[in-house]
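S.K.: Structure provided below as structure tokens; questions to follow.
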Amino acid sequence: MSLSSTLASSKKPISIVTGGAGFLGSHLSDRLLAEGHKVIGIDNLITGSIDNIGHLSGNPDYEFIKHDVTKYLFIPGRVDCIYHFASPASPMDYLELPIQTLKVGALGTHNALGLAKEKNATFLLASTSEVYGDPLIHPQQEDYWGNVNPIGPRGVYDEAKRFAEAITMAYHRYHGIDTKIVRIFNTYGPRMRLKDGRVVPAFIGQALEGEPLTVFGDGSQTRSFCFVSDLIDGIFRLSMHATHNPVNIGNPGEMTIKQFAEKVLSLLDTKSAIEYRPLPEDDPKVRQPDIGLAKELLGWEPKVSFDEGLEATIDYFRGRVEPTAGVEGTSTL
Ligand code: UDP
1301 MSLSSTLASS
1311 KKPISIVTGG
1321 AGFLGSHLSD
1331 RLLAEGHKVI
1341 GIDNLITGSI
1351 DNIGHLSGNP
1361 DYEFIKHDVT
1371 KYLFIPGRVD
1381 CIYHFASPAS
1391 PMDYLELPIQ
1401 TLKVGALGTH
1411 NALGLAKEKN
1421 ATFLLASTSE
1431 VYGDPLIHPQ
1441 QEDYWGNVNP
1451 IGPRGVYDEA
1461 KRFAEAITMA
1471 YHRYHGIDTK
1481 IVRIFNTYGP
1491 RMRLKDGRVV
1501 PAFIGQALEG
1511 EPLTVFGDGS
1521 QTRSFCFVSD
1531 LIDGIFRLSM
1541 HATHNPVNIG
1551 NPGEMTIKQF
1561 AEKVLSLLDT
1571 KSAIEYRPLP
1581 EDDPKVRQPD
1591 IGLAKELLGW
1601 EPKVSFDEGL
1611 EATIDYFRGR
1621 VEPTAGVEGT
1631 STL
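In structure tokens:
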């Protein structure tokens, strides 16, 4: 790994974003650059994509390092803040990459915390609403400990993130590291992978391609979708706040998956119809963030309406599918 001397000698804050070429990591990098940071993105590109950061090539404040954060991490010079976002994050990805998911949540978080300790840097962990598992409390507040099946197929992600939270708090308590933990609820927007298996790209892609929308189970399970710019704003605010305890960031607007499918069908002039498929094991029945803490501590709440966010996301995906004859591909928004 090499680091340009211009970056290392900068007076601007220097931030590292692991998972820097991912959906969230790339948007976070954009925001940090806009806030006057120098940014070092680290990614092994197993689920991230260089396309997400292509626009940053040639930016003197940005450097990309292709590296697997589960392996020892050496970065010369000053580092002020580490944002640890590296992980497969779609259920399809972490079912296909179970060991990598466990390793990046455990070994990767350990390495990133070790670097924070070495550099005396602030550390922000990207955690997840999955720490609540299939929740028995609704909506989910930060003081709920969750209902997770440790040996189920989703356990590789849920338990890795729970371990990541535990080791982050241990580094805070034992080593005095300035740590933050954000619990991220379902987020959507441009730069998601069309075929990552998550419901937003899945349904939009299927509708644009004129394929059936694959609703798992009877579609009565709920999710609450947050547009990416809102999420990144909450995370940026949290990175500057003194709290060390986890904070939920998400949009409380809850809907069933069937309602979401119907919404996508109503927005796109498509011949697609709903097709029901088996519900994956341990799929949470409900999910909705209680964002009272984020409002109180950060003065944050989401601003982008679902229609606005979906329109931007549909526009992004429209250029990435090959529509069949059954689709006009026009949004009625
Ligand atoms: N889902 C679905 N069809 C799909 C993909 C997902 O019905 O093609 C459902 C999935 O079973 C879950 C919800 O949509 O109940 C959200 O799934 P996603 O993979 O986006 O993330 P999760 O919230 O489960 O982590």
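All residue numbers for the sequence shown refer to my numbering, where the first residue is 1301 and numbers rise by one. By construction, the Cβ of each residue, glycine as well, lies at the ideal position given by its N, Cα and C atoms.
#1: Contact between the stretch 1443-1457 and the stretch 1386-1405 is defined here as three or more beta-carbon pairs at a separation below 8 Å; is this criterion met?
#2: Ordered along the chain, which non-local residues of its own chain (more than five positions away) have a Cβ less than 6 Å from that of Ser1329?
#3: Considering Cα atoms alone, identify which of Ala1612, Gly1322, Phe1323 and Leu1332 is closest to Ser1315.
#4: If you count every other CB in all the chains shown that lies within 10 Å of the CB of Leu1538, and 16 or more means buried, which is it?
#5: Should the stretch 1603-1622 be regarded as contacting the stretch 1461-1477, the criterion being three or more beta carbon pairs within less than 8 Å?
#6: In the structure shown, what three-state DSSP assignment does Ser1310 receive?
#7: Given 7 Å as the limit, tell me if Ile1549 has its C-beta closer than that to any heavy atom belonging to ligand 1.
#8: Going straight from the alpha carbon of Lys1595 to that of Asp1533, what length do you get?
#9: Compute the Euclidean distance between the alpha carbons of Ser1631 and Met1555, then round it to the nearest angstrom.
#10: Output needed for Thr1370: all residues of its chain with C-beta closer than 6 Å, excluding positions within five of it in sequence on either side, in chain order.
#11: In this structure, how does DSSP classify Ile1574 when only helix, strand and coil are distinguished?
#12: Given that a residue counts as buried once 16 or more other Cβ atoms are within 10 Å of its Cβ, and exposed if not, what is Ile1481?
#13: Could you check if Pro1546 belongs to the surroundings of ligand 1, using beta carbon to heavy atom distance under 7 Å?
#14: How is Ser1631 classed by DSSP in three states: helix, strand or coil?
#15: May I ask you to list the residues that DSSP assigns as paired with Phe1516?
#16: If we require 4 or more residues per run, which alpha helix (DSSP H) segments fall completely within the stretch 1461-1526?
#17: Pick helix, strand or coil for Ala1542, following the three-state DSSP scheme.
#18: Relative to ligand 1, is the shortest distance from any of its heavy atoms to the C-beta of Ile1504 smaller than 7 Å?
#19: What is the rounded straight-line gap between the Cα of Ala1542 and the Cα of Tyr1488?
#20: Would you mind stating whether Asp1607 and Gln1441 have Cβ atoms separated by less than 8 Å?
#21: When we look at the beta-carbon of Leu1324 and count the other beta-carbons within 10 Å, is it buried (16 or more) or exposed?
#22: Would the stretch 1368-1384 count as touching the stretch 1408-1428 if we require 3 or more Cβ pairs under 8 Å?
#23: Less than 6 Å between C-beta atoms, sequence neighbours within five positions excluded: which residues of the same chain meet that for Pro1501?
#24: Can you name, in chain order, every residue of its own chain whose Cβ lies under 7 Å from the Cβ of Val1604, other than the five neighbours on each side?
#25: Taking the alpha-carbon positions, what's the Ala1464 to Leu1425 distance?
#26: With three or more beta-carbon pairs closer than 8 Å as the criterion, would you say the stretch 1384-1397 touches the stretch 1349-1361?
M.R.: Answer, in terms of the structure:
#1: When Cβ pairs closer than 8 Å are counted between the two stretches, the stretch 1443-1457 is seen to touch the stretch 1386-1405, the count reaching three or more.
#2: Hits under 6 Å: Val1317, Gly1320, Val1339 and Gly1341.
#3: Checked all of Ala1612, Gly1322, Phe1323 and Leu1332; the closest Cα to Ser1315 is Leu1332.
#4: Classification for Leu1538: buried.
#5: Cβ pair count under 8 Å is below three, so no.
#6: If DSSP states are grouped into helix, strand and coil, Ser1310 belongs with coil.
#7: Relative to the non-hydrogen atoms of ligand 1, the Cβ of Ile1549 never comes closer than 7 Å to any of them.
#8: For Lys1595 and Asp1533, the distance between alpha carbons rounds to 12 Å.
#9: Residue confidence is low: Ser1631 scores 38 on pLDDT, short of 50, so the model does not pin down where it sits. Its coordinate-derived value is still stated next. Between Ser1631 and Met1555, the C-alpha separation is close to 21 Å.
#10: Around Thr1370: Lys1403, Val1404, Leu1407 and Gly1408.
#11: Correct three-state label for Ile1574: strand.
#12: Under this definition Ile1481 is a buried residue.
#13: Flag unset: Cβ of Pro1546 not near ligand 1.
#14: The pLDDT assigned to Ser1631 is 38, lower than 50, so where the model puts this residue is not dependable; a value taken from the coordinates is nonetheless given after this. Three-state result, Ser1631: strand.
#15: Answer by DSSP bridge pairing, in chain order: Arg1577.
#16: Taking only runs of at least 4 residues, the alpha helix (DSSP H) segments lying wholly in the stretch 1461-1526 are 1499-1509.
#17: DSSP, reduced to helix, strand and coil, places Ala1542 outside both helices and strands of the structure shown, so it counts as coil.
#18: Checking the Cβ of Ile1504 against ligand 1 gives no.
#19: Counting only the Cα atoms, Tyr1488 lies some 27 Å from Ala1542.
#20: Contact flag unset, no.
#21: Burial is judged here by how many other beta carbons sit within 10 angstroms of a residue's own beta carbon; Leu1324 has at least 16 and is buried.
#22: Because the criterion of three Cβ pairs below 8 Å is met, the stretch 1368-1384 and the stretch 1408-1428 touch.
#23: If we look at Pro1501 and ignore the five residues flanking it on each side, its Cβ neighbours are Met1492 and Leu1494.
#24: Cβ within range, chain order: Phe1527, Ser1529 and Asp1530.
#25: Those two C-alpha atoms are separated by around 8 Å.
#26: No, they do not touch.
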